[in-house]
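Q:
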């Protein structure tokens, strides 16, 4: 299954990024997430890949995937606004109060950095 998901990843990714394309259904999103995760094992420094996996995790309602992916993107590139915002959002949606606190703190830092 993972080999098939990996082979389909480029096509699914292209469709996900194309506003004119038919949106991915939930099964395709899950295959995209599996393919991205598999690719990132060999390319762990790919910030854009981690961001896409984070977004996919959010869409699928998979908090663990989203939080972990955004955490990796943020760790790799702390100045990347998408990584910071995604990570903060994932943390604030967590059921863990400590995650919520950290997410709020990160959002406050982002806002103060803008002013």
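Residue numbers (my numbering): 5 to 119.
In this text, a Cβ means the ideal position worked out from N, Cα and C, and glycines have one as well.
(1) Roughly how many whole angstroms lie between the Cα atoms of residue 104 and residue 35?
(2) May I have the straight-line CA-CA distance separating residue 87 from residue 52, to the nearest angstrom?
(3) Can you tell me whether residue 114 is buried or exposed? The criterion is at least 16 other CB atoms within 10 Å of its CB, across all chains shown.
(4) Give me the residue from 91, 98, 68 and 10 with the minimum Cα distance to residue 77.
A: Based on what the coordinates show:
(1) 29 Å
(2) 9 Å
(3) exposed
(4) 91
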